[in-house]
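K.L.:
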Amino acid sequence: MEISTYADLPLLAQHLRDELERKKFILIYAYNGTGKTRLSGAFKDIGKTLNDSHEVVARDTLYFNAFTEDLFTWDNDLDDDLVRFIQVNRRSKFFDGLDQFELENRIRRLLEIYSSLQFRIDLENWTIHFSREVLVLDDDGRRIAKTLSDIKISRSEESIFLLCFFLAVVEIALDSELDAYNWVKYVYIDDPVSSLDEQSAVVVAAHLAHLLTASDGGAKVLVSTHHPLFHNVLWNELRNVKAKRYFLGFDEANRLFTLRDTRDTPFFHHVAELIRLHMADQQEEIEKRHFAALRAIAERTASFLGYKRFEDCVGQEGDELTGRVHRRFLNLFSHGGYAHFEVDELQEEDRQHFREIISALIERFRFNPELFPAVAEGEAEAEGDNQGVGHD
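Okay, so the sequence shown: first residue is 473 according to our numbering, each after it adds one.
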């Protein structure tokens with residue numbers, strides 16, 4: 473897996489721009505706190521043109537990130553607690569098409585996919601008002617429909633609405649026949665599903681992929697997220713077009729940002745991590761920290777498969793004693809309660825136990841053998857030996 477390093481985010485952002493000269497889409501996965509939002513800022517800053525007064529006179533990136541959400545501010549009517557609405561920052565170039573191209577209808581069409589929430593945009597005052605139809609009992613005890621107006625909506629509903637607002641703008645920007653956003657060369661979408669449940673995240677990923685691939689526009693698109701399921705679904709939808717995906721990290725020891733090409737690697741984190749640990753074992757580079765990572769994988773595997781204890785996943789089937797021994801070794805190097813047992817260097821016995829644990833996990837739960845060739849070869853040799861004994 474190819475890994476490149478960058479001293480700062482502007483250098484990394486420039487690399488991504490260079491990549492987009494050859495690709496239509498780039499997907500980036502990164503943990504929270506790595507620098508995804510700052511990277512989106514560095515990316516769009518490169519595309520700004522300033523005049524002598526340091527005013528922005530041109531730009532090339534339409535972006536959605538935490539700062540985009542700040543363009544929409546709630547007025548909660550704290551005095552009367554009756555009329556609540558979102559105030560739109562009219563100074564932003566993001567709203568260039570607010571009064572054109574039937575933007576409100578475009579948003580409504582997108583929002584209907586996710587919610588029955590109703591809204592209206594007041595172009596005169598640059599405000600957005602929400603309403604909802606609910607069922608109530610009348611004086612005779614009958615259920616009737618009632619509209620609640622100027623309501624405050626939930627955080628997840630707000631996230632969906634803002635995303636639909638942005639996607640409606642993206643539709644216009646990617647339409648080669650419309651010119652309101654003809655300055656857009658890049659679309660950068662950062663963490664669009666941070667407040668959504670997994671079901672909604674899957675729907676958004678499939679919907680976003682359809683919108684992007686159906687466009688005939690020339691803008692290139694970059695999507696970053698910390699949501700593994702969203703990332704994986706989006707990649708599966710885009711992998712057959714001109715797309716590339718990366719894992720963004722930060723090397724604390726050397727103070728460098730790292731970018732790992734993951735297009736040929738299974739993305740779900742526990743599989744990618746298991747591959748990394750297997751490679752470390754094959755290269756004889758096992759350290760104490762790898763035991764903690766292996767225990768975390770065993771814990772997630774046990775939870776997913778319904779086991780009560782992670783040691784049930786790290787021993788041979790039917791061999792409870794081996795599972796207990798493996799548990800002790802995983803705890804020895806990954807649990808704070810065992811800190812006084814730690815040693816400076818791993819012994820060969822420790823490495824052998826690590827090798828046995830990871831092999832047991834891979835073999836027992838039938839991970840794709842093509843991802844772990846050494847384990848697969850070991851299984852084949854063992855089967856051959858057994859067959860040889862049987863024929864003697």
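Think of the CB as a built atom: it goes at the ideal place given N, C-alpha and C, for glycine as much as any other residue.
Of all the options PHE844, VAL797 and PHE839, which has the alpha carbon lying nearest to the alpha carbon of GLU821?
P.N.:
It is VAL797 whose Cα lies nearest to the Cα of GLU821.
K.L.:
Determine, using beta carbons only, whether ALA677 and LEU646 come nearer to each other than 8 Å.
P.N.:
No; because the gap between Cβ atoms is not below 8 Å, this pair is not in contact.
K.L.:
For my contact list, THR515 and THR533 are in at a C-beta cut-off of 8 Å; report their separation, rounded to the angstrom.
P.N.:
The sequence shown places Phe at residue 515, rather than the Thr named in the question. 6 Å between Cβ atoms; contact.
K.L.:
Quick one: Cα of ALA686 to Cα of MET751, how far?
P.N.:
If I take the Cα positions, the gap works out to 39 Å.
K.L.:
Under a three-way DSSP split, which group does LYS496 fall into?
P.N.:
Here LYS496 sits in coil by DSSP.
K.L.:
Comparing alpha-carbon positions, which option in ALA774, LYS760, ASN561 and ILE600 lies nearest GLN824?
P.N.:
If we check each option's Cα against that of GLN824, LYS760 comes out closest.
K.L.:
Hey, would you say ARG604 sits closer than 8 Å to LEU620, going by beta carbons?
P.N.:
Yes, they are a contact pair.
K.L.:
How big is the Cα-Cα spacing for PHE813 and ARG800?
P.N.:
At PHE813 the pLDDT is 41, less than 50, meaning the model places this residue with poor confidence; the figure from the coordinates comes in the next sentence. Roughly 12 Å separates the two Cα atoms.
K.L.:
Expressed to the nearest angstrom, what Euclidean distance is found between the alpha-carbon atoms of ILE600 and PHE591?
P.N.:
Cα-Cα distance, rounded: 7 Å.
K.L.:
Beta-carbon within less than 8 Å of HIS682's beta-carbon, same chain only, minus the 5 sequence neighbours each way: which residues are those?
P.N.:
So the list reads GLU709, once near-sequence residues are dropped.
K.L.:
What whole-angstrom Cβ distance do PHE573 and LEU650 have, given they're in contact under 8 Å?
P.N.:
Yes, PHE573 and LEU650 are in contact; Cβ-Cβ is about 6 Å, under 8 Å.
K.L.:
Please name the residue, chosen from GLU491, LEU511, GLN671 and VAL743, that lies closest to GLU842 on a Cα-to-Cα basis.
P.N.:
Taking only the C-alpha atoms, the option nearest GLU842 is VAL743.
K.L.:
Taking only three categories from DSSP, how would you classify VAL743?
P.N.:
In this structure, VAL743 counts as helix in the three-state DSSP scheme.
K.L.:
Does DSSP put ASN858 in a helix, a strand or coil?
P.N.:
Confidence at ASN858 is low in this model, with a pLDDT of 49, below 50, so the placement of that residue should be treated as unreliable; the coordinate-derived value is given next. Looking at ASN858 - three-state DSSP - the assignment turns out to be helix.
K.L.:
Nearest-angstrom Cα distance between SER666 and HIS699?
P.N.:
About 7 Å.
K.L.:
Keeping to the same chain, check which residues put their C-beta closer than 8 Å to that of HIS487; ignore five residues upstream and five downstream.
P.N.:
So the list reads SER476, TYR478 and LEU731, once near-sequence residues are dropped.
K.L.:
Straight-line CA distance for LEU575 to TYR718?
P.N.:
Whole-angstrom Cα-Cα distance: 33 Å.
K.L.:
If I measure Cβ to Cβ from LYS618 and keep anything under 8 Å in the same chain, skipping five residues before and after, which residues do I get?
P.N.:
Closer than 8 Å at Cβ, skipping near neighbours: GLU605, VAL606, LEU607 and VAL608.
K.L.:
Does the count of Cβ pairs from the region 536 to 549 and the region 557 to 567 closer than 8 Å reach three?
P.N.:
Touching, yes, given that three or more Cβ pairs across the two stretches are closer than 8 Å.
K.L.:
Are the CB atoms of THR506 and GLY721 nearer to each other than 8 Å?
P.N.:
Going by C-beta atoms, THR506 is nearer than 8 Å to GLY721.
K.L.:
Indicate the three-state DSSP secondary structure (helix, strand or coil) for ARG592 in the structure shown.
P.N.:
Strand at ARG592.
K.L.:
If contacts are defined as beta-carbon pairs under 8 Å, then LEU492 and ILE498 qualify, I think. What distance do you get, rounded to the angstrom?
P.N.:
Right, the Cβ-Cβ distance comes to about 6 Å (below 8 Å), so this counts as a contact.
K.L.:
What do you get for LEU522, buried or exposed, if any count of 16 or more other CB atoms within 10 angstroms of its CB means buried?
P.N.:
Exposed, since its Cβ has fewer than 16 Cβ neighbours within 10 Å.
K.L.:
Assign HIS703 to one of two classes, buried (16 or more other C-beta atoms within 10 Å of its C-beta) or exposed (fewer than that).
P.N.:
With 16 or more other Cβ atoms within 10 Å, it is buried.
K.L.:
Does HIS699 come out as helix, strand or coil in the three-state DSSP assignment?
P.N.:
Of the three classes helix, strand and coil, the one that applies to HIS699 here is coil, per DSSP.
K.L.:
Are the CB atoms of ILE625 and PHE602 within a distance shorter than 8 Å?
P.N.:
For PHE602 and ILE625, yes; Cβs fall inside 8 Å.
K.L.:
Please classify TRP707: does DSSP put it in a helix, a strand, or coil?
P.N.:
It is helical.
K.L.:
Among all the DSSP beta bridges, which residues are the ones paired with VAL659?
P.N.:
VAL659 pairs with LEU534 and VAL693.
K.L.:
For PHE776, does the count of other Cβ atoms within 10 angstroms reach 16, so buried, or fall short, so exposed?
P.N.:
When all chains shown are included, PHE776 counts as exposed.
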